[in-house]
Amino acid sequence: MENEVKEKKRTVAQDAAKGLMIISVVFFHCYLVCLPDPSAGLTIFNLLSCFFPFLLSSFFFYTGYNYKDRGRSIKESIIRRTKQLIIPMIIVFLINTILIGSMVLAMDHADAGKTLQLIGETVLFCILSQPLAMFVGIPASGIISFEIHLAIGILWFILVLYICSIFFYILVPHTNKNLVTLISVDILLLLMSFAMGQFISPYLPFTVQCYPMILALMLTAAYLRQWHFLNRRVESKKHSILMGINAIVAEGIIVGTCLLCHYQFGAIFTGSLPAGQFDPALGGFDAIISFFFGILGTYFLHTICRLIKRIPVVGFALAYVGNHSSTFYLFHPIFVVLVSTVIFQKNIVMGDFQPFFYVFVVVILLVGLCLLLDFIVKKKQIERPIVEEVNANKDDEV
Numbered sequence: 004m005e006n007e008v009k010e011k012k013r014t015v016a017q018d019a020a021k022g023l024m025i026i027s028v029v030f031f032h033c034y035l036v037c038l039p040d041p042s043a044g045l046t047i048f049n050l051l052s053c054f055f056p057f058l059l060s061s062f063f064f065y066t067g068y069n070y071k072d073r074g075r076s077i078k079e080s081i082i083r084r085t086k087q088l089i090i091p092m093i094i095v096f097l098i099n100t101i102l103i104g105s106m107v108l109a110m111d112h113a114d115a116g117k118t119l120q121l122i123g124e125t126v127l128f129c130i131l132s133q134p135l136a137m138f139v140g141i142p143a144s145g146i147i148s149f150e151i152h153l154a155i156g157i158l159w160f161i162l163v164l165y166i167c168s169i170f171f172y173i174l175v176p177h178t179n180k181n182l183v184t185l186i187s188v189d190i191l192l193l194l195m196s197f198a199m200g201q202f203i204s205p206y207l208p209f210t211v212q213c214y215p216m217i218l219a220l221m222l223t224a225a226y227l228r229q230w231h232f233l234n235r236r237v238e239s240k241k242h243s244i245l246m247g248i249n250a251i252v253a254e255g256i257i258v259g260t261c262l263l264c265h266y267q268f269g270a271i272f273t274g275s276l277p278a279g280q281f282d283p284a285l286g287g288f289d290a291i292i293s294f295f296f297g298i299l300g301t302y303f304l305h306t307i308c309r310l311i312k313r314i315p316v317v318g319f320a321l322a323y324v325g326n327h328s329s330t331f332y333l334f335h336p337i338f339v340v341l342v343s344t345v346i347f348q349k350n351i352v353m354g355d356f357q358p359f360f361y362v363f364v365v366v367i368l369l370v371g372l373c374l375l376l377d378f379i380v381k382k383k384q385i386e387r388p389i390v391e392e393v394n395a396n397k398d399d400e401v
């Protein structure tokens with residue numbers, strides 16, 4: 004195929020796209036925390052959600068897209084995924100609970116007993132998920148601390164990715180070889196998500212209704228990689244213009260669908276099911292819309308980032324953030340709570356610019372954390388060969 008290009012596992016455009024997405028996720032969370040009255044800015048929030056309802060869907064898409072058969076057995080792949088996802092999830096769960104719980108306790112030191120009860124209820128609420136928590140009588144959002152809920156609630160993404168990855172490793176060798184098999188499996192999975200979303204989703208914990216749809220998205224992405232869906236070679240100016248038009252059309256379909264559903268159903272969060280949202284008005288259709296949004300939205304964002312990466316400072320900065328998106332995702336609640344505590348205690352009010360200032364500070368702090376972790380890792384990489392060489396010399400002396 005003449006206009007195909009050999010792809011690396013990751014590209015600068017992909018990292019830049021991930022950088023934009025994770026900064027958007029941080030912005031949404033900061034926006035909810037820093038505004039004393041979030042409903043006052045709900046129009047802007049809904050507008051942004053309408054343009055980017057595919058943010059977390061794209062992370063799942065990229066996960067499938069980056070898959071490469073390295074000859075590992077299913078057991079080896081699952082063990083590797085456990086080390087990559089479950090162990091860090093447990094560590095971050097403990098860190099977030101201790102640090103943010105301490106912040107909440109420090110802010111409400113007048114009644115430590117009730118604060119500790121609040122923290123405990125919030126942790127249980129997040130671990131059990133809303134349906135199970137409500138069933139056993141744990142209080143709903145009126146008593147739940149949003150800061151702790153954010154810090155622990157974000158871990159649902161890791162859990163979903165881990166569970167879907169297990170089934171992904173089982174199915175992808177078959178779906179990658181045959182388009183008919185892929186289409187058949189996708190239809191079956193989307194029907195499962197539709198049925199659960201339409202009839203039983205309010206009673207399902209951990210947003211289980213979206214798992215089959217996410218699995219279908221990952222399998223589809225893995226197949227599309229074989230056709231270089233995101234990184235077609237740009238052979239001429241005319242070709243680049245055509246790719247840009249395709250990307251704009253893809254985003255137009257997304258925005259048009261959101262506006263149409265908002266008009267008919269009042270569902271501005273259309274397609275955000277992978278973000279933990281569920282719209283009863285749309286029922287099972289929410290999962291199906293999310294599937295197509297994940298494909299179209301990723302294509303749009305990736306194509307735009309193929310242009311953005313050419314801007315020296317901006318492209319490098321976004322690519323760096325995207326390359327550390329997991330650190331941003333796991334640790335941003337700590338910095339969100341930290342910065343919000345300072346803003347509220349100092350009574351800093353900047354009107355409409357406050358959310359943007361807030362995000363800027365949080366992102367800078369997270370970049371600092373990433374630089375620190377990079378320094379520690381690189382230092383270990385430098386020291387390890389030196390240690391091995393010293394040990395070898397000792398052996399020679401003996």
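With the working numbering, the residue at position 380 of the sequence shown is 383, and numbering never jumps. Backbone N, C-alpha and C fix where the C-beta goes; we use that ideal spot for every residue, glycine too. Note that the coordinates shown come from a computational prediction; the quantities given were computed from them, not determined experimentally.
Rounded C-alpha distance that separates F334 from K241: Their backbone Cα atoms lie some 43 Å apart in a straight line.
Which listed residue (C167, L304, W230, C308) has its alpha carbon closest to that of L218: Distances from the CA of L218 to each of C167, L304, W230, C308 were compared; the closest alpha carbon is that of C167.
Sequence-distant residues of its chain with Cβ nearer than 7 Å to S80 (five each side left out): So the qualifying residues of the chain are Y172.
Inter-residue CB distance, M24 and L58 (contact presumed, cutoff 8 Å): With a Cβ gap of about 5 Å, M24 and L58 count as contacting.
Option nearest Q229 by Cα separation, candidates V28, C33, K71, V107: Across the set V28, C33, K71, V107, the C-alpha of K71 shows the shortest separation from the C-alpha of Q229.
Pair within 8 Å by beta-carbon distance, V126 and I151: Judged by their CB atoms, V126 and I151 are nearer to each other than the 8 Å cut-off.
Nearest-angstrom Cβ-Cβ length linking H327 and C373, presumed shorter than 8 Å: About 4 Å separates the beta carbons of H327 and C373, which is inside the 8 Å limit, making them a contact pair.
Residue of K381, D377, S329, I311 minimising C-alpha distance to A19: The shortest C-alpha separation from A19 is found at I311.
Contact belief for G287 with A225 at Cβ below 8 Å, rounded distance in angstroms: Not a contact, Cβ separation roughly 24 Å.
Burial state of I122 (16 or more Cβ within 10 Å): By the C-beta density criterion, I122 is buried, having at least 16 other C-beta atoms within 10 angstroms.
Nearest candidate by alpha-carbon position, reference Y65, set V29, F363, M221, C264: For Y65, the nearest C-alpha among the options comes from M221.
Reduced DSSP category for Q212 - H, G, I as helix; E, B as strand; rest coil: Three-state DSSP puts Q212 in a helix.
Ranges of the alpha helix (DSSP H) found wholly within the stretch 288-315, counting only runs of at least 4: Complete alpha helix (DSSP H) runs here, min 4: 288-311.
Spatial distance of K381 from F360 (CA atoms): Looking at the two C-alpha atoms, the distance is approximately 32 Å.
Rounded C-alpha distance that separates F232 from Y302: So the two alpha carbons sit approximately 8 Å from each other.
is_contact[L191, chain B] using C-beta, thresh 8 Å: In summary, chain B is missing from the structure at hand, where a single protein chain is found.
Cα-Cα separation, M195 to T210: Taking the straight line joining both Cα atoms gives about 13 Å.
Pairwise C-alpha distance: T330 and G145: Confidence at G145 is low in this model, with a pLDDT of 49, below 50, so the placement of that residue should be treated as unreliable; the coordinate-derived value is given next. The C-alpha of G145 lies about 30 Å from the C-alpha of T330.
Through-space distance from S243 to P315, alpha-carbon basis: The alpha-carbon atoms of P315 and S243 are separated by roughly 20 Å.
Reduced DSSP secondary structure (H/G/I, E/B, other) of R228: DSSP places R228 in helix when its eight states are reduced to three.
For V362 and C33, believed in contact at Cβ under 8 Å, the rounded distance: Approximately 5 Å separates the beta-carbon atoms of C33 and V362; this is inside 8 Å, confirming the contact.
Sequence-distant residues of the same chain with beta carbon closer than 6 Å to L368, five excluded per side: Exclusion of the five residues before and after L368 leaves F338 as the residues of its chain whose Cβ lies within less than 6 Å of its Cβ.
C-alpha gap between L299 and I161, whole angstroms: Taking the straight line joining both Cα atoms gives about 23 Å.
Own chain residues within Cβ distance below 7 Å of I89, not counting five before or after: A distance below 7 Å between beta-carbons, with the five flanking residues on each side excluded, links I89 to the following residues of its chain, in chain order: Y165.
Buried/exposed call for T85, threshold 16 Cβ in 10 Å: With fewer than 16 Cβ atoms within 10 Å of its Cβ, T85 is classed as exposed.
Inter-residue spacing [alpha-carbon to alpha-carbon] between L192 and L119: So the alpha carbons of these two residues sit roughly 42 Å apart.
Beta-carbon proximity of V258 to F54, cut-off 8 Å: Yes, the Cβ-Cβ distance between V258 and F54 is below 8 Å.
N- and C-terminal bounds of the alpha helix (DSSP H) containing D189: Per DSSP, D189 belongs to the alpha helix (DSSP H) from 182-198.
Distance, S239 Cα to L153 Cα: Approximately 46 Å, taken between the alpha carbons.
Inter-residue Cα distance where the pair is Q201 and P208: Spanning the two alpha carbons is a distance of roughly 15 Å.
H335, DSSP secondary structure in three states: In the structure shown, the three-state DSSP call for H335 is helix.
Cut-off 7 Å between Cβ atoms - residues of its own chain near V366, not counting five sequence neighbours on either side: Excluding residues within five positions, the ones whose Cβ falls inside 7 Å are I26, V29.
Check whether A250 and I307 have beta carbons under 8 Å apart: In this structure, A250 places its C-beta atom within 8 Å of the C-beta atom of I307.
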